[in-house]
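Colleague:
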Amino acid sequence: MEDHRHGDLPARRGCDRFHGPQEVPFKSATTLNNCAFTKEGCAFNGWVLTPEMPITDAVVIGNQIMVNKAIPSLTLTATWATVYTVTFSPNGGEFADEFNTVQNVTDGSIISVPSINKENYEFGGWVLEDDTVVDFATTPITESFAVSAKWVFTVYYYQWAEVDDDWGWVENEQLRNTAATGNVALPQCEARANYNVYWSTTSNGEDAVLYTPNTMQALTPDGGSIALYELYVGYPFTVHYNADGAEGEFPDQVFHYGDEEMLLYVNNPEIDGMEFLGWFANGDDTAYQYGNDISGLYVA
Numbered sequence: 003m004e005d006h007r008h009g010d011l012p013a014r015r016g017c018d019r020f021h022g023p024q025e026v027p028f029k030s031a032t033t034l035n036n037c038a039f040t041k042e043g044c045a046f047n048g049w050v051l052t053p054e055m056p057i058t059d060a061v062v063i064g065n066q067i068m069v070n071k072a073i074p075s076l077t078l079t080a081t082w083a084t085v086y087t088v089t090f091s092p093n094g095g096e097f098a099d100e101f102n103t104v105q106n107v108t109d110g111s112i113i114s115v116p117s118i119n120k121e122n123y124e125f126g127g128w129v130l131e132d133d134t135v136v137d138f139a140t141t142p143i144t145e146s147f148a149v150s151a152k153w154v155f156t157v158y159y160y161q162w163a164e165v166d167d168d169w170g171w172v173e174n175e176q177l178r179n180t181a182a183t184g185n186v187a188l189p190q191c192e193a194r195a196n197y198n199v200y201w202s203t204t205s206n207g208e209d210a211v212l213y214t215p216n217t218m219q220a221l222t223p224d225g226g227s228i229a230l231y232e233l234y235v236g237y238p239f240t241v242h243y244n245a246d247g248a249e250g251e252f253p254d255q256v257f258h259y260g261d262e263e264m265l266l267y268v269n270n271p272e273i274d275g276m277e278f279l280g281w282f283a284n285g286d287d288t289a290y291q292y293g294n295d296i297s298g299l300y301v302a
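Counting in our numbering, the sequence shown runs from 3 upward without gaps.
1. In whole angstroms, what separates the C-alpha of residue 39 from that of residue 77?
2. For residue 113, which residues from the same chain have a beta carbon less than 7 Å from its beta carbon, with the 5 sequence-adjacent residues on both sides left out?
3. Does the structure place the segment 228-235 close enough to the segment 153-171 that three or more beta carbon pairs sit under 8 Å?
4. Flag this pair as touching only if the segment 115-129 and the segment 79-87 have three or more C-beta atom pairs under 8 Å; answer yes or no.
5. Do the segment 146-158 and the segment 93-102 make contact, defined as three or more Cβ pairs closer than 8 Å?
6. Roughly how many whole angstroms lie between the Cα atoms of residue 33 and residue 63?
7. Are the beta-carbon atoms belonging to residue 129 and residue 149 less than 8 Å from one another?
8. How far does the beta strand (DSSP E) with residue 276 in it reach, from first residue to last?
9. Going along the chain, which residues of its own chain have a beta-carbon closer than 6 Å to the beta-carbon of residue 115, five neighbours each way excluded?
10. Measuring alpha carbon to alpha carbon, tell me which of 196, 283, 268 ends up nearest residue 238.
11. I need the DSSP call for residue 63, collapsed to helix, strand or coil.
12. What separation, rounded to the nearest whole angstrom, lies between the Cα atoms of residue 24 and residue 41?
13. Which residues in the same chain as residue 47 place their Cβ atom closer than 6 Å to its Cβ, once the five residues preceding and following it in sequence are excluded?
14. Consult DSSP for residue 36 and reduce its assignment to one of helix, strand or coil.
15. Could you spell out the range, first to last residue, of the beta strand (DSSP E) harbouring residue 24?
16. Residue 86 and residue 59: beta carbons closer than 8 Å?
17. Which value, in whole angstroms, describes the spacing of the CA atoms of residue 261 and residue 99?
18. Rounded to a whole number of angstroms, what is the C-alpha to C-alpha distance between residue 274 and residue 248?
19. Rounded to whole angstroms, what's the CA-CA distance from residue 346 to residue 162? Just pull it up for me.
20. Who are the Cβ neighbours of residue 68 in its own chain at under 6 Å, not counting the five residues just before and after it?
21. Taking the alpha carbon of residue 29 as the point to measure from, which residue in 70, 66, 206, 36 has its own alpha carbon closest?
Structure representation (structure tokens):
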């Protein structure tokens, strides 16, 4: 038996390079030798019988041959499969198992890709340049291409609202969005007089990062998500104390419009022979009473 390599398989073009022969027992499955030749951009894909050989005389299945008829010799033809290159960009992630990011794959094959992880993000799939997701578990490779790992996180937005006669933080599901990068378009908030509004990383504004609504912001997620709270902060204002010549220290105090805390007490000023009648705000005829809403002292 002789075997040979041919050129362009669809054109069935022959080639004068041979190797072999290989002896094959009669009616006994025999493993065929691999092809000794190479073809640029292709991988050897097995031997086939020449078209003129009746299948009743011999059968090739996989890399084995069964000769069913006493014949002096037969010729096998090498078949070739195109080899494609698939390039993987982890995009900051790490594979769970060792994996070559440049895979050479024969036409029609499936690539087994190990899981990949990135701290604080969820894996959103392997995507092409146009953001199309490639499912390697079910997609045969038929061309060369490059993919990148897509990393996403979810942004949840909470607003202070009344639910069942009780006030609390409620997620606005209509605002919820998923970001593929750290840059997120934050939604707009309702404007309120005498208040600045922010998206806050904490519900009370303490130790928080404050973001301006309706802007693009680079967010850092935690465990695949981030929660933002709609926080209204009253305009700051300073209360000055004019003791009208009395002795003593009466330091300024800074508050925010809408603060629930009350004005701190200060020592009453004293002038010999005179009675202190109180602190009068903004030219009012009535003295300010400690414990009243301090927002009334705010002047826009």
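Virtual Cβ for every residue (Gly too), placed ideally from N, Cα, C.
Modeller: According to the data block:
1. The sequence position of residue 39 within the sequence shown is 37, counting from 1. The sequence position of residue 77 within the sequence shown is 75, counting from 1. Their Cα atoms are separated by approximately 16 Å.
2. Reading the sequence shown from its first residue, position 111 is the one you call residue 113. So the qualifying residues of the chain are 88, 105, 107, 138, 143.
3. yes
4. no
5. yes
6. Taking the sequence shown and counting its residues from 1, the one referred to as residue 33 is at position 31. Taking the sequence shown and counting its residues from 1, the one referred to as residue 63 is at position 61. So the alpha carbons of these two residues sit roughly 10 Å apart.
7. Residue mapping note: residue 129 aligns to position 127 of the sequence shown, counting from 1. Residue mapping note: residue 149 aligns to position 147 of the sequence shown, counting from 1. Cβ distance < 8 Å, so residue 129 and residue 149 count as in contact.
8. Your numbering for residue 276 matches position 274 in the sequence shown. No beta strand (DSSP E) holds residue 276; DSSP gives it neither H nor E.
9. Here residue 115 refers to the residue found at position 113 when the sequence shown is read from its first residue. Here the set comprises 138.
10. By 1-based counting over the sequence shown, the position of residue 238 is 236. Ranking the options by Cα distance to residue 238, first place goes to 196.
11. Within the sequence shown, residue 63 is the residue found at index 61, counting from 1. Residue 63 falls in the strand class under three-state DSSP.
12. On the sequence shown, position 22 is the one that residue 24 refers to. On the sequence shown, position 39 is the one that residue 41 refers to. Near 22 Å, if we compare the C-alpha coordinates of residue 41 and residue 24.
13. Your numbering for residue 47 matches position 45 in the sequence shown. Answer for residue 47: 81, 82, 83, listed in chain order.
14. To locate residue 36, count along the sequence shown from 1; it is residue 34. Residue 36 falls in the coil class under three-state DSSP.
15. The sequence position of residue 24 within the sequence shown is 22, counting from 1. Segment: none, residue 24 is in no beta strand (DSSP E) and carries neither H nor E.
16. The residue given as residue 86 occupies position 84 in the sequence shown. The residue given as residue 59 occupies position 57 in the sequence shown. No, these two residues do not count as a Cβ contact at 8 Å.
17. The sequence position of residue 261 within the sequence shown is 259, counting from 1. The sequence position of residue 99 within the sequence shown is 97, counting from 1. Each residue's alpha carbon lies about 55 Å from the other.
18. The count along the sequence shown starts at 1 and reaches residue 274 at position 272. The count along the sequence shown starts at 1 and reaches residue 248 at position 246. If you take the alpha carbons of residue 274 and residue 248, they lie about 9 Å apart.
19. Absent from the structure is residue 346, since the part of the chain shown begins at 3 and ends at 302.
20. Indexing the sequence shown from 1 puts residue 68 at position 66. The residues are 31, 61.
21. Here residue 29 refers to the residue found at position 27 of the sequence shown. The shortest Cα separation from residue 29 among 70, 66, 206, 36 belongs to 70.
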